[in-house]
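Using the numbering used here, the letters of the sequence shown map in sequence onto residues 106 to 495.
Cβ coordinates follow ideal geometry from the N, Cα and C atoms, glycine included.
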Amino acid sequence: MSDEYDVELTEEHRMLRDMVRKFGDNEILPKADEDEKNHRFQRELVDQMAELGLFGCPVPEEYGGNGMGYLAHAIVTEEIGRVSGSLRVAFNMQTMGTALSILKWGSEDLKRKYIPELMSAKLLGCFGITEPDAGSDTAGMASTAVRDGEQYVLNGRKMWITWAPVADMAVVFAMTDKKAKHKGMSAFVMDMHAPGVSTIEIKDKLGLWAAPTGEIIMEDVRIPAGNLLGEEGRGFGFLMQELASTRLTAAAGAVGTCQAAIDESVKYANERSQFGQPIARFQMVQEVIARMVAETEAARALVWRCAIQKDRGLLNNMRETVIAKYYACRAADEVPNLGLEVLSAYGYSNEYPIARILRDGKVYKILEGATNIMKMIIATDALGIKKANR
Ligand SMILES: Cc1cc2nc3c(=O)[nH]c(=O)nc-3n(C[C@H](O)[C@H](O)[C@H](O)COP(=O)(O)OP(=O)(O)OC[C@H]3O[C@@H](n4cnc5c(N)ncnc54)[C@H](O)[C@@H]3O)c2cc1C
Numbered sequence: 106m107s108d109e110y111d112v113e114l115t116e117e118h119r120m121l122r123d124m125v126r127k128f129g130d131n132e133i134l135p136k137a138d139e140d141e142k143n144h145r146f147q148r149e150l151v152d153q154m155a156e157l158g159l160f161g162c163p164v165p166e167e168y169g170g171n172g173m174g175y176l177a178h179a180i181v182t183e184e185i186g187r188v189s190g191s192l193r194v195a196f197n198m199q200t201m202g203t204a205l206s207i208l209k210w211g212s213e214d215l216k217r218k219y220i221p222e223l224m225s226a227k228l229l230g231c232f233g234i235t236e237p238d239a240g241s242d243t244a245g246m247a248s249t250a251v252r253d254g255e256q257y258v259l260n261g262r263k264m265w266i267t268w269a270p271v272a273d274m275a276v277v278f279a280m281t282d283k284k285a286k287h288k289g290m291s292a293f294v295m296d297m298h299a300p301g302v303s304t305i306e307i308k309d310k311l312g313l314w315a316a317p318t319g320e321i322i323m324e325d326v327r328i329p330a331g332n333l334l335g336e337e338g339r340g341f342g343f344l345m346q347e348l349a350s351t352r353l354t355a356a357a358g359a360v361g362t363c364q365a366a367i368d369e370s371v372k373y374a375n376e377r378s379q380f381g382q383p384i385a386r387f388q389m390v391q392e393v394i395a396r397m398v399a400e401t402e403a404a405r406a407l408v409w410r411c412a413i414q415k416d417r418g419l420l421n422n423m424r425e426t427v428i429a430k431y432y433a434c435r436a437a438d439e440v441p442n443l444g445l446e447v448l449s450a451y452g453y454s455n456e457y458p459i460a461r462i463l464r465d466g467k468v469y470k471i472l473e474g475a476t477n478i479m480k481m482i483i484a485t486d487a488l489g490i491k492k493a494n495r
């Protein structure tokens, strides 16, 4: 067992967690069910999160971040994920999928132009990888970027893009050389208000109703050549590194969902009486609670291990990120289901938040890579077929 499991949070981490917990409980939770029911995206809450500096943990101060690191980021993300799966996505849209990509591969001009604006939420971000016919098989994407003098011309369609309908900018991936397959993929920063960009909202999703999701249609979108991240053909490698960040955020959010399910179930089990005693006294209810707690704590330990490794400089720890993502996202599917067992019929109504929590938890096995892909990475690494950390 690695000593990275033996975590003592610093005073700074604890203060940050307490501050975010208070913010989540006071500002987000009271409206969370209502916002979900009304499919209401709360831009004001994103602004408030920015004001509290929540997006900036892995971003250096010179670009508007606070440099507290990845463990801090995981703690903050869990706390927001606990009160709203819909608002949790902000940490990938403002930080991991956008600001960090630009920080790693963008020119100094791009860094100065975009990162502080993402940190302050003056600009909302999104990132576009998935296409109608390219989900797990990202290298099968059809979008193209063709160099034309001092510009690139982008064409294609992105699908299932979180915040597409509300975003101001996007980190998008497109093929600069289709024949070269994954070696022909490149990454760009695209202004979502540029001529030729349009979006279509995907309505009637299973969950995350307060987080708009949509398609991005790119028709002869001209962007400055300087908006290319790194060099042409490097996009696939960048994408893998980006996923090593965004998957951590998804996993941390998943732990928040699990914790929310525990909190609701414990409260209910102590309040609800049957056969003359609180249902918390029944051993079979206790067994369910025990599984919920053990699964959640195991998931949190894996998330923290991954975050701590990154804080120690191992940024591309895909193996540990994927293990955390696999475990936490599976837990986020299972733990709220167990919560529903505890709340039973009342959990089946919208009177209690477990229905929202259950819907929140469903998405994690899909986002940032489907569970089968996580298992494939873990297994091929273990079998010596393909090293995950390169
Ligand atoms: C709410 C929501 C928000 C999203 N936000 C974004 C976003 O912001 N940006 C973005 O780019 N994408 C986003 N996505 C897309 C998401 O990343 C993809 O859905 C995901 O990568 C899986 O792709 P797919 O759904 O097309 O599944 P597919 O790739 O079609 O897979 C279908 C099934 O086949 C399995 N499968 C596929 N390949 C293999 C294989 N080689 N071996 C074994 N099994 C396999 C999968 O595990 C899955 O069970 C979002 C999705 C949702 C639902």
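For residue 260, no alpha helix (DSSP H) run applies; the uninterrupted beta strand (DSSP E) run containing it begins and ends at 256-267, by DSSP. The continuous beta strand (DSSP E) containing residue 318 extends over residues 318-329.
Here the distance from the Cβ of residue 179 to the nearest heavy atom of ligand 1 is not below 7 Å. Under DSSP, residue 418 forms no beta bridge with any residue. Its Cα nearest to that of residue 349, the residue 202 stands out among 262, 202, 151 and 169. Boundaries for residue 241: no alpha helix (DSSP H) harbours it, and the DSSP string shows neither H nor E there.
Per DSSP, reduced to three states, the secondary structure at residue 229 is coil, with no helix or strand assignment. For residue 341, the uninterrupted alpha helix (DSSP H) run begins and ends at 340-376, by DSSP.
As DSSP reads the structure, residue 379 sits in a beta bridge with 382. CA-to-CA, the gap between residue 242 and residue 464 works out to about 26 Å. In the structure shown, residue 182 falls within a helical segment according to DSSP collapsed to helix, strand and coil.
Cα atoms of residue 461 and residue 331: separation of roughly 43 Å, rounded to the nearest angstrom. Under the 8 Å Cβ criterion, the stretch 198-212 counts as touching the stretch 163-171, having at least three qualifying pairs.
Per the Cβ contact rule, the stretch 305-322 is in contact with the stretch 263-277 (3 or more Cβ pairs under 8 Å). Using a C-beta cut-off of 8 Å, the stretch 398-418 makes no contact with the stretch 309-326, since fewer than three inter-stretch Cβ pairs fall below that distance.
Residue 239 is positioned such that its CB atom lies closer than 8 Å to that of residue 247. Under the three-state reduction of DSSP output, residue 220 falls in the helix class. Under the three-state reduction of DSSP, residue 495 is assigned to coil, being neither helix nor strand. Residue pairing of residue 253 in beta bridges, as defined by DSSP: 256.
By DSSP's assignment, residue 306 forms a beta bridge with 319.
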